[in-house]
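Colleague: Let me give you the structure first, and then I'll get to my questions.
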Amino acid sequence: MLESYLPIFFMIAGGIAFGVVMLKLNEFFGPRRPTEEKFSTYESGMEPVRTARERFSVKFYMVAVLFILFDIEVVFLYPWAVSFRELGYQGFVTMFVFIVILLIGLYYVWRKGALEWD
Amino acid sequence: MEITISDLWQSAPMVSLTLTGLVALLVESMKGGRTTAVYGLSLAGCALAFVFSLWSLGSEVIVFNGMILQGGYASYFSMVFTSSAFFTIVLSRPYMQRLHREQGVLYILILFATVGMMLMASAMDLIILFLGIELMSVCLYVLTGFVRTKVTSNESAVKYFLLGAFATGFLLYGIALVYGTAGTTNLKLISQSFAQLSGNSLFLMGAGLLVIAFSFKVAAVPFHMWAPDVYEGAPTPVTAFMSTGAKAAAFAAFVTVFIRTFAITGTPISEVVAFIAAASMILGNVTAIAQSNLKRMLAYSSIAHAGYMLSGIAAGSAEGETGILFYLAAYTLMNMGAFGIISWVEQQDDTKLTFDDYAGFSAQRPVVAAMLSVFMFSLAGIPPFAGFFGKYYVFLAAVKADLVWLAVIGVLTSVISVYYYLRLVMVMYFRDGNATIEERVPGFAFAVIGVIAALVILLGLYPSLVVDISKTFFKL
Amino acid sequence: MILESIVFYSLAVASVGSALLMVTRRNPVIAALYLILNFFCLAGLYLTLQAQFIAVIHILVYAGAIMVLFLFVIMLLNLGDERKLSDAISPRKIIAGGLSLALLLELLSIFVTGTEGLPEYNADQALQVGTVEYIGKQLFTKFLFPFEVTSILLLAAIIGAILLAKKKPD
Chain A
1 MLESYLPIFF MIAGGIAFGV VMLKLNEFFG PRRPTEEKFS TYESGMEPVR
51 TARERFSVKF YMVAVLFILF DIEVVFLYPW AVSFRELGYQ GFVTMFVFIV
101 ILLIGLYYVW RKGALEWD
Chain B
1001 MEITISDLWQ SAPMVSLTLT GLVALLVESM KGGRTTAVYG LSLAGCALAF
1051 VFSLWSLGSE VIVFNGMILQ GGYASYFSMV FTSSAFFTIV LSRPYMQRLH
1101 REQGVLYILI LFATVGMMLM ASAMDLIILF LGIELMSVCL YVLTGFVRTK
1151 VTSNESAVKY FLLGAFATGF LLYGIALVYG TAGTTNLKLI SQSFAQLSGN
1201 SLFLMGAGLL VIAFSFKVAA VPFHMWAPDV YEGAPTPVTA FMSTGAKAAA
1251 FAAFVTVFIR TFAITGTPIS EVVAFIAAAS MILGNVTAIA QSNLKRMLAY
1301 SSIAHAGYML SGIAAGSAEG ETGILFYLAA YTLMNMGAFG IISWVEQQDD
1351 TKLTFDDYAG FSAQRPVVAA MLSVFMFSLA GIPPFAGFFG KYYVFLAAVK
1401 ADLVWLAVIG VLTSVISVYY YLRLVMVMYF RDGNATIEER VPGFAFAVIG
1451 VIAALVILLG LYPSLVVDIS KTFFKL
Chain C
2001 MILESIVFYS LAVASVGSAL LMVTRRNPVI AALYLILNFF CLAGLYLTLQ
2051 AQFIAVIHIL VYAGAIMVLF LFVIMLLNLG DERKLSDAIS PRKIIAGGLS
2101 LALLLELLSI FVTGTEGLPE YNADQALQVG TVEYIGKQLF TKFLFPFEVT
2151 SILLLAAIIG AILLAKKKPD
C-alpha cells in the first residue's frame, strides 16, 4: 500500500532536487566577486544578526490567530471538495451555510479594522 | 442524513438564539452600529428562546440524525440558561457603562455561550457535548478578560484559559477511551451496552477522565483551584453568569452522561463522585468562612453547592436527577440575585466588596437589603426559600441510594454555611455604618432582581411547580 | 511488507528522537523546530496507517499554522536568556517524573493485556476509515450538525481574538 504514495515521494524528491540543482548551477556558472557586504545576509536593510530576545508586537499574534482560524475552515473544505460530487446539492448548501457564518466573522474582523496594520 | 426544516423548527430555542447572535454581530459590525440595538436584540433573543423552550417543554424528540435531544430535559435547561443569560445581559449594561467598557460583542458572546450551554444539555453524542463545552468555554474565557484595562481581569482570564485547556484535554482523552471501548460516541448506543462496558478497565478510565473534566467545569474539589481567583477577577456580571449558567450547563452534561447514559449506582464511578462531592462540601464551606471578600466567599460557596449537587449524581437515580434539576433552577436564581446586588454596590476600583462595606446597608437601602437577605437565606438552605428544597431533594436521593454518610456530611456542612451567609445579613442589619449604592441603578435592572427574589420565594413555597415537570422527562 | 517495516521503524525512531531533542533543548526556538520535525515524522506514521486525512491536516494545521503561533508566543513572551532558568531537582520535578513513569507503565500494561475487551474491527474497514473520501462522506452526512456547530465555535474564537488582542480597542 505504500507504493501508492510513490508519486508523492517522487514529487517531493523532485522538488528538493530542483532547488538544490538550481542553486548549485548558479554557484558553478555565475560570476563570483565576493566582498564582505555581499557575503552578509540580505534582510531588507535590517541588521542581519542581533539578539532575537526582544518583544514583538501583539499585532503579529493576532494575524497568526486569525490565520489559524481561517486555516481550520480550509481543513473542512478539503474533505468536502474530495467528496463534492457524491454529496451533491445537500453538500453545497451545508458548506454554503458554514462559509456564510464565517463570512460574518470576516466582516466583523474587517469592520473592526483588525486587518489593517495600524 | 440531511438537516430538514422540521429538525430546525424543533430545535427552535437553539436556532433562534444562534440567528439572533449572528444578526447582532452584523449590527455590531455595521457603521454606526448602536450598542443599544445589540443590547435590545440580545435580550429579545433570550426572551424568544425562553418562550420557545417553554413551549416545547412537553414534547421530546431526537433530531439532527440522533445528535441532539430537543424538548423536555433540554428545554428545561434551555430555560435555565436563557434566563441566566437574560439577567446577565441586564446586569452587565450598567456595570460596563460605569467602567466605560460597554461593547456590543459582550452581549453577543453571552448569546453564543448560551448556545454552547444548550448544546451541552441537549447532547446525545459525545461530539456535541465536546463542541458545546468548547463553545461555552471559549466565550467565557473572553468574557472573563473583557475588562482589558484591569490587571485582575486579565490575570483571571489567563488562569481560566490555561486550566480550562487542561480540562478539555481530559475531556477529549476520556471521550477517546470511551469511543475506543464502546465503538461509538452516540450516548444512546453507549447506554445500551453499558452493562458489558462497565467491567472494562479502559472504559472506566475514560469515564474517570470525563468525571475530571466535568468536575473542573462545575468547580468541584480537587479541581476547584481556578474558581476563587477567576470569580474574583472577572467582571461581576460575568461571574454571575459563570456561577449560574455555566455551572448548570456542566451539571446538565454530568446528568446526561452519568445518570441518563451510564447506570453508575453501585459502580466505582459512583464512589469517586461521592468522594468529590464530600470533599467539595467540606472544603468549600470551611474555606468560605475565612473569606472577607464577598466574591471570593460566593466562589467557595459555589464550590460547596457543586458538592451538594454532586451527591445527587453519586446517587445516580431518577430522584437524584430531579433533585439536581430543581436545585439548578433555584441556585441560578439566588446566585444571580446575590451577584447582581454585589455588582451594584461594588466600586470601579474593585473596592466595596467586603462584608464590612455592607454595614448599615439596611437603613440606607431597605428594599435591596431585604432582597439580598432573601438570597442569603436561600443559599444557606433555610426554609421556606427555594434553596432548602434543592438540598432536601438531593440529600434524599443520596439517602435512598445508600449514601447516608454523604447526606450527613451535606447536612453538617450546610449548618457551617449558615454562619457565613447570615454574617452578611447580620452586618447589613445590626452593624452601624452608611453603606449604600453610589451610582443610580436602572429601573429595569432593579425590577429584574425583584422578580428573581420573588421567584426564589415562589419556588420555595411551591417546589412542585418545577419538580412535577422534571419528573416527566423521558429516560434514555 | 519489508519496505513498510523499514519505513515504519525509521519514522518511529526519528519521531522519538526528535521528541527527546525537543524537550531537552534549552533554546525554545530550537525546541519548536524539533517539534516541527516531530510533526512531520508523525504525519509519515499516519500515512503508513493509511490515515491520509489526518496526515495532511497534521502538516497543514499543526506543523504549519500552530507552530507559527508557537514561535510568535515564544517571541512575545520575551524570555530573556534561557540559560538562567534553573536546572535544580525540585520536589515538583520528582512528582512529575513519577507521574510520567506511572503513565508509561499504564501504557505498557495495555501491551500485556492486549486488546481484550475492545470491539472487533475489520481490517479492511479500518483501512478505509482514514481516507479523505470516507471522512468527507461521514462529516457531511452523519456528522453534519456538529460540522455546522463548528462554524459558530470558530466565529466565537474570531470575536475573542479581536477583543483580547486588538491593539486599540474602540
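Residue numbers (this note's numbering), protein chains in the order written: chain A, 1 to 118; chain B, 1001 to 1476; chain C, 2001 to 2170. We treat Cβ as the ideally placed atom computed from N, Cα and C, and that holds for glycine.
Give every residue of the same chain whose Cβ lies closer than 7 Å to the Cβ of V1399/B, excluding the five residues on either side of it in the sequence, and list them in chain order.
Modeller: One-based indexing of the second sequence puts residue 1399/B at position 399. Cβ within range, chain order: A1407.
Colleague: Among A1037/B, S1137/B and D1229/B, which one has its Cα closest to the Cα of L1294/B?
Modeller: As a position in the second sequence, residue 1294/B is number 294, starting the count at 1. Checked all of A1037/B, S1137/B and D1229/B; the closest Cα to L1294/B is D1229/B.
Colleague: Taking 8 Å as the cut-off, does the region 1308-1318 of chain B touch the region 1259-1270 of chain B (at least 3 CB pairs, one atom from each stretch)?
Modeller: yes
Colleague: Based on DSSP bridge pairs, tell me the residues matched to N1293/B.
Modeller: Locating residue 1293/B in the second sequence gives position 293, where the first residue counts as 1. Partner(s): T1354/B.
Colleague: Count the other C-beta atoms from every protein chain shown that fall within 10 angstroms of the C-beta of Y89/A, then say buried if there are 16 or more, exposed otherwise.
Modeller: Numbered from 1 along the first sequence, position 89 holds the residue referred to as residue 89/A. Exposed: under 16 other Cβ atoms inside 10 Å.
Colleague: List the residues of chain C whose Cβ lies closer than 7 Å to the Cβ of V109/A, in chain order.
Modeller: Taking the first residue of the first sequence as 1, we reach residue 109/A at position 109. Within chain C, the residues near V109/A are I2158 and I2162.
Colleague: L1043/B: which of T1082/B, L1022/B, W1055/B and R1034/B sits nearest, CA to CA?
Modeller: As a working note, residue 1043/B is residue 43 in the second sequence. Among T1082/B, L1022/B, W1055/B and R1034/B, the Cα nearest to that of L1043/B belongs to T1082/B.
Colleague: Out of curiosity, what's the CA-to-CA distance linking S1417/B and A1195/B?
Modeller: Stepping through the second sequence from its first residue, residue 1417/B is reached at position 417. Stepping through the second sequence from its first residue, residue 1195/B is reached at position 195. Distance between the alpha carbons of S1417/B and A1195/B is about 39 Å.
Colleague: Is N1335/B helix, strand or coil when you go by DSSP?
Modeller: For the purposes of this step, residue 1335/B is identified with residue 335 of the second sequence, where counting begins at 1. If DSSP states are grouped into helix, strand and coil, N1335/B belongs with the helices.
Colleague: In the DSSP assignment, the beta strand (DSSP E) including I16/A goes from what residue to what residue?
Modeller: To locate residue 16/A, count along the first sequence from 1; it is residue 16. Taken as a continuous stretch (DSSP letters only), I16/A belongs to no beta strand (DSSP E), being part of the alpha helix (DSSP H) at L6 to F29.
Colleague: Just to confirm the assignment, what range does the alpha helix (DSSP H) spanning I1133/B have?
Modeller: As a working note, residue 1133/B is residue 133 in the second sequence. Counting along the chain, the alpha helix (DSSP H) containing I1133/B begins and ends at L1126 to T1144.
Colleague: Please report whether the beta-carbon of I2152/C lies at a distance below 8 Å from any beta-carbon of chain F.
Modeller: Within the model displayed, chain F is absent; protein chains A, B and C are what it includes.
Colleague: To the nearest angstrom, how far is it from the Cα of Y1073/B to the Cα of L2035/C?
Modeller: Your numbering for residue 1073/B matches position 73 in the second sequence. Your numbering for residue 2035/C matches position 35 in the third sequence. For Y1073/B and L2035/C, the distance between alpha carbons rounds to 45 Å.
Colleague: Less than 7 Å between the CB of G1443/B and some heavy atom of the ligand GDP, yes or no?
Modeller: Annotation note on the ligand GDP: not contained in the displayed structure, which lists no ligands.
Colleague: When you compare the CB of L1025/B with every CB in chain A, is at least one pair closer than 8 Å?
Modeller: Translated into positions along the second sequence, residue 1025/B becomes position 25. Chain A contact via Cβ: present.
Colleague: Any Cβ of chain B within less than 8 Å of the Cβ of I68/A?
Modeller: Stepping through the first sequence from its first residue, residue 68/A is reached at position 68. Not one chain B Cβ lies under 8 Å of I68/A.
Colleague: Using only the alpha-carbon positions, how far apart do F60/A and L2077/C sit?
Modeller: To locate residue 60/A, count along the first sequence from 1; it is residue 60. To locate residue 2077/C, count along the third sequence from 1; it is residue 77. C-alpha separation (whole angstroms): 13 Å.
Colleague: Residues of chain A with a CB under 8 Å from the CB of S1078/B: which are they?
Modeller: Position 78 of the second sequence, counted from the first residue, corresponds to residue 1078/B. Chain-order list of chain A residues neighbouring S1078/B: empty, with the shortest C-beta distance near 21 Å, by a criterion of under 8 Å.
Colleague: Which term fits H1100/B, buried or exposed, when burial requires 16 or more other beta carbons within 10 angstroms of its beta carbon?
Modeller: Reading the second sequence from its first residue, position 100 is the one you call residue 1100/B. Classification for H1100/B: exposed.
Colleague: Short of 7 Å Cβ to Cβ, which residues in the region 1330-1362 of chain B face chain C?
Modeller: none
Colleague: Interface residues of chain A around A2065/C at Cβ under 7 Å?
Modeller: Taking the third sequence and counting its residues from 1, one reaches residue 2065/C at position 65. Near A2065/C (Cβ distances below 7 Å), the residues of chain A are F67, I68 and D71.
Colleague: Less than 8 Å between CB atoms is the rule here; does Y1039/B satisfy it with respect to chain C?
Modeller: Working through the second sequence from its first residue, we reach residue 1039/B at position 39. So, not an interface residue.
Colleague: Express the C-alpha separation of L1197/B and A1250/B in angstroms, rounding to a whole number.
Modeller: The count along the second sequence starts at 1 and reaches residue 1250/B at position 250. The count along the second sequence starts at 1 and reaches residue 1197/B at position 197. Cα to Cα, A1250/B sits roughly 24 Å from L1197/B.
Colleague: Using beta-carbon positions only, say whether L989/B and A1359/B come within less than 8 Å of one another.
Modeller: The requested residue 989/B does not occur in the structure, where chain B is confined to residues 1001 to 1476.
Colleague: Hey, would you say V1447/B sits closer than 8 Å to M1371/B, going by beta carbons?
Modeller: Against the second sequence, residue 1447/B aligns to sequence position 447. Against the second sequence, residue 1371/B aligns to sequence position 371. Correcting the residue identity first, residue 1447/B is Ala in this sequence and not Val. No; because the gap between Cβ atoms is not below 8 Å, this pair is not in contact.
Colleague: Since A1386/B contacts L1459/B with CB under 8 Å, what's their CB separation in whole angstroms?
Modeller: By 1-based counting over the second sequence, the position of residue 1386/B is 386. By 1-based counting over the second sequence, the position of residue 1459/B is 459. The C-beta distance from A1386/B to L1459/B rounds to 4 Å, short enough to fall under 8 Å.
Colleague: If we call anything under 8 Å between Cβ atoms a contact, is F1355/B one with L1283/B?
Modeller: Taking the second sequence and counting its residues from 1, one reaches residue 1355/B at position 355. Taking the second sequence and counting its residues from 1, one reaches residue 1283/B at position 283. Contact: no.
Colleague: For T1351/B, which residues in the same chain have their Cβ closer than 8 Å to its Cβ, ignoring the five residues on either side in sequence?
Modeller: Numbered from 1 along the second sequence, position 351 holds the residue referred to as residue 1351/B. Within the same chain, T1351/B has close Cβ partners D1357.
Colleague: Taking the alpha-carbon positions, what's the Y1327/B to L2154/C distance?
Modeller: What you label residue 1327/B is simply residue 327 of the second sequence in a count that begins at 1. What you label residue 2154/C is simply residue 154 of the third sequence in a count that begins at 1. If you take the alpha carbons of Y1327/B and L2154/C, they lie about 33 Å apart.
Colleague: Just the C-alpha distance for G19/A and T35/A, rounded to the nearest angstrom, thanks.
Modeller: Start at 1 with the first residue of the first sequence, and residue 19/A comes out as number 19. Start at 1 with the first residue of the first sequence, and residue 35/A comes out as number 35. Cα to Cα, the separation comes out at about 25 Å.
Colleague: Is there at least one Cβ from chain A nearer than 8 Å to G2136/C's Cβ?
Modeller: Here the question's residue 2136/C lines up with position 136 in the third sequence. So yes, G2136/C belongs to the interface.
Colleague: List the residues that DSSP assigns as beta-bridge partners of I1212/B.
Modeller: For this step, residue 1212/B is matched to residue 212 along the second sequence. According to DSSP, residue pairing for I1212/B in a beta bridge does not occur.
Colleague: Does the distance from the C-beta atom of G1381/B to that of F1388/B stay below 8 Å?
Modeller: Numbered from 1 along the second sequence, position 381 holds the residue referred to as residue 1381/B. Numbered from 1 along the second sequence, position 388 holds the residue referred to as residue 1388/B. In contact: G1381/B and F1388/B (Cβ atoms closer than 8 Å).
Colleague: Applying a beta-carbon distance threshold of less than 8 Å, which residues of chain C neighbour E1134/B?
Modeller: As a first step, residue 1134/B is located in the second sequence; it is residue number 134 there, counting from the start. Result: L2153.
Colleague: Spatial neighbours of N1285/B within its chain, please: C-beta separation below 7 Å, excluding the five flanking residues on both sides.
Modeller: On the second sequence, residue 1285/B is found 285 positions in, with the first residue counted as 1. Correct list, in chain order: A1304, T1413, I1416 and S1417.
Colleague: In whole angstroms, what separates the C-alpha of Q2125/C from that of T1184/B?
Modeller: In the third sequence, residue 2125/C corresponds to position 125, counting from 1. In the second sequence, residue 1184/B corresponds to position 184, counting from 1. So the alpha carbons of these two residues sit roughly 15 Å apart.
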